[in-house]
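Contents: one structure, followed by commentary.
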Amino acid sequence: MTTAAALTDSRSARHFLDLDAFKWDDIWALLTAAREQRERFAKDGAAEQTLKGQRVVGAFFEHSTRTRVSFETAAKSLGAEFIDFQARDSSMAKGESPRNTLRTLQALGATALVTRHASAGFPYFAARCLDIPVVNAGDGAHAHPTQTLADLMTILDKHDTLRDLKVAIAGDFLHSRVARSFASALIKFGSQVVAVAPASMQPSAAVKARMTLKPYAQIQWTNNLGDAVKEAHALMVLRVHRERHQSPPALAFAAYANRFATRYADIADSKGLIVLHAGPVNEGVDLASDALRSENSQVERQVENGLFARMAVLRYVFSEDAD
Amino acid sequence: MRLVVAGGHVIDAGRDIARSADVIAVDGLIEDVVAPGDSYDDAEIVDASGLIVSPGFVDLHTHLREPGDVAKETVATGTAAAARGGFTTVCAMPNTNPPMDAPETVGYLKSLIERDARVRVEIIGAITKRLGADELTDMYALADAGAIAFSNDGLPVARASVMRRALELASDIGAPIINHAEEPSLVGKGVMHEGEIAFGLGLPGVPAEAEAAMTARDIELAALTNARLHIPHLSTAKALRHLERAKADGLNITAEATPHHLRLTDRWVMGAFGEIGDGLDLRAYDANARVNPPLRTQADVDALTEALRLGVIDAVATDHAPHALIDKETMFDAASPGISGLETAFGLVAQLVHEDKITLGALIERLTYAPAQIINRELGTFQKGYSADIALIDMNREWVVDSRRFASKGRNTPLDGFKLKGRVVKTIYRGKVVYDESADD
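Protein chains in written order, with the numbering used here: chain E, 23 to 345; chain W, 19 to 459.
Pasting the structure below:
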């Protein structure tokens, strides 16, 4: 697999910060590795212990259920140690800087850092501070590349391709890292992305009118869910990320739920449509219970796939294969 | 003591001079600008062959950080940085700790200046006490103590009624009001320009309208009070349109733009000097590119440079904002905003001359005579009897920015490693050399 050169710094640590620098065939290689991991696990009940001796530190500065447990399970399944650093209980409360915290974790023998932070760009900052590989488990509203791998795997499971699909993304796109990473990757595969959201959860009219930045310029924006899901292969539903909203909040939960929540009725006519949600679901707000629990819903499959995607990513950052 | 700066090409907008000439100073004051001479008796000769000889630059907008934030900068280090950049006068912004909101505090700063300053420092007084929401300072007393203008920079005067009062007071005194024009509730959590780059980076943005709306408000209030408004660090084409209309209406309003707003864009937040590649460079989310108001789009840069050429933007001012390493070595949205700019200012704007976007004469006017007029000081031109403040410029000098060599304590610049062409090589203040590039290590 070709190395994403922009993600490798001069000290030769191989980072996994986002999928931007990956061409579609590099992403495909990671997806293939993840699916192989899944097959092996199904067959043998366990994975090859290829990461024995590695000490993966999970530095989560933002809440997480899925991603954190998923990375810990992935690391341990491959034979690595996993140290769970709880930022909440750390000496950052005494004023220790992010840089010094990271350097301390490295000095304690971390051979890779998996990190989640509320600040977009944190993993880039971490990669600059450290000599070990950094894996992005989510940075602010910017990127969540391992989630995207899980989501792409889930689409592949159902549709057997990522090319020329129509994918709708419904909800708080403006404040969502899941949306950005997912949309970017799909567009690279030549699929069509339609985003549906209220105005305050989309880029402003002025920004949309002048957007030339690839791949975001290719996103189609609408505020009509019916149009977005018509003939779509997949619908990704997003949580309302109130914690990231400017004041006043983009929309109150009740107003959002009434007008924009995805209900089963919205998708009932689309038999082949799968519904994705990266979680956590605000049941009743982003996604109505009937849609969440429908046959279309792939939410639990995404979680399962996430484990194997993260195993593939950990093997990627530790691998020494040449270009 | 006679000083002759000989053999150079003198550009002095105030006296409409643009020719080969020698500048003669006696006892620290300008004597005359004469045709190039062969020899001078009894004089210290400064050889300016191949160089442009300009009046020393006047910076309307510098943060010296002293008193209070001396880890970031002091009067001594900030003025040393000014000298390195060709600036012989800087106007010190009042958001120090304590702020310049009382005559005694202004007096204290004056004593520091007397003791430590390498170049001239003019003092800008605060508009409100403690830079707070609505209690105006005694501007008359501050003016008597030496303040030459009033500002709350980098905090905007949010309440229009307070801004009106400030303008009324200042119009009585005859000094300009300098308001950092960004509507706070529209700025919100924003950390960079709200555009496609912020969208791609997942960073909350500040729309151009935050600046345009408050600039429009300030202009209306300036018209109401007939006061002198000076718009600092104008950064958007939208605010510029309000300024253009105000000037067309004959209002006494001036404006400045910074070198970084005249050259850099929001793409610089992505690292790699604003080049967009496949995916993000490891230098992405460069906290050194975080500044208020934020770096904008190329369309804004183009509008600003044209306005500078036409003189709609009257002056170039640095908004020199030094910070300590710990303030910048962190996540983008946690970093202190500001660029250490005194030592790269001329190099950045010189490129506009190389690209034929402005003549050298006009650029020098924007750095010297125009800012001096705005603060109503006898500076920025080689008038007989004026302070012998002179900058010698090598327009062809190519150099690479190395922040480790800055005289400023602030190493916070997005330009580290960036190539510039054009540099001040010697600075003379009151007839004495205060910066000589050949003495650099």
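We put the beta carbon where it would ideally sit given N, CA and C, even for glycine.
- Under the DSSP definition of a beta bridge, residue 109 of chain W partners with W/140.
- Classified as buried, residue 76 of chain E has 16 or more neighbouring CB atoms from the shown chains inside 10 Å of its CB.
- Contact between residue 218 of chain W and residue 43 of chain E is ruled out by a C-beta separation of about 13 Å, above the 8 Å threshold.
- At least one CB of chain E lies nearer than 8 Å to the CB of residue 300 of chain W.
- Exposed is the label assigned to residue 202 of chain W, since fewer than 16 other Cβ atoms lie within 10 Å of its Cβ.
- For residue 150 of chain E, the closest Cβ of chain W is nearer than 8 Å.
- Under a criterion of Cβ atoms nearer than 7 Å, no residue of chain E is adjacent to residue 447 of chain W; the nearest Cβ is some 39 Å distant.
- Residues of chain E whose Cβ lies closer than 8 Å to the Cβ of residue 348 of chain W are, in chain order, 119, 120, 121, 147.
- Under the three-pair Cβ rule at 8 Å, the segment 378–393 of chain W counts as touching the segment 64–76 of chain W.
- Chain-order list of chain E residues neighbouring residue 219 of chain W: 142, 143, 164, by C-beta distance under 8 Å.
- Interface with chain W (8 Å Cβ-Cβ cutoff): residue 48 of chain E is excluded.
- In the three-state DSSP reduction, residue 49 of chain W falls in the strand class (E or B).
- Around the beta carbon of residue 231 of chain E, a 10 Å sphere encloses fewer than 16 other beta carbons of the protein chains shown; the residue is thus reported as exposed.
- Interface with chain W (8 Å Cβ-Cβ cutoff): residue 272 of chain E is excluded.
- For residue 103 of chain E, the beta-bridge partners assigned by DSSP are E/77.
- Burial of residue 275 of chain W is indicated by the presence of at least 16 other C-beta atoms within 10 angstroms of its C-beta.
- Chain E places no beta carbon closer than 8 Å to that of residue 292 of chain W, leaving this residue out of the contacts.
- In the DSSP assignment, residue 215 of chain W falls within the alpha helix (DSSP H) that extends over 214–219.
- Boundaries of the alpha helix (DSSP H) around residue 50 of chain E: 46–66.
- Just measuring C-alpha positions, the residue of W/132, W/158, W/181 sitting nearest residue 151 of chain W is W/181.
- Classified as buried, residue 310 of chain W has 16 or more neighbouring CB atoms from the shown chains inside 10 Å of its CB.
- Going by beta carbons, residue 31 of chain W and residue 387 of chain W fall inside the 8 Å limit.
- For residue 432 of chain W, none of the residues of chain E pass the 8 Å Cβ criterion, the least Cβ distance being about 14 Å.
- Around residue 283 of chain W, the same chain offers 292, 313, 314, 315, 316, 319 as residues with beta carbons nearer than 7 Å, after the five sequence neighbours per side are excluded.
- The segment 111–178 of chain W contains, as complete beta strand (DSSP E) runs of 3+ residues, the segments 138–144, 165–169 (chain order).
- With 16 or more other Cβ atoms from the protein chains shown falling within 10 Å of its own Cβ, residue 145 of chain W counts as buried.
- Taken atom to atom, the span from the alpha-carbon of residue 360 of chain W to that of residue 339 of chain E is near 42 Å.
- Residue contact with chain W for residue 43 of chain E: present (Cβ-Cβ distance below 8 Å to some residue of chain W).
- In the three-state scheme derived from DSSP, where H, G and I count as helix and E and B as strand, residue 337 of chain E is classed as helix.
- Contact residues of the segment 36–59 of chain W toward chain E are absent (C-beta to C-beta distance below 7 Å).
- For residue 158 of chain E, the enclosing beta strand (DSSP E) starts and ends at 156–161.
- Under the Cβ criterion (8 Å, minimum of three pairs), the segment 66–85 of chain E does not count as touching the segment 304–323 of chain E.
- Taking a Cβ-Cβ cut-off of 8 Å, the neighbours of residue 226 of chain E in chain W comprise 212, 225, given in sequence order.
- In the three-state scheme derived from DSSP, where H, G and I count as helix and E and B as strand, residue 349 of chain W is classed as coil.
- According to the DSSP assignment, residue 120 of chain E belongs to the alpha helix (DSSP H) that extends over 120–129.
- At a cut-off of 8 Å between C-beta atoms, residue 216 of chain E does not count as an interface residue with respect to chain W.
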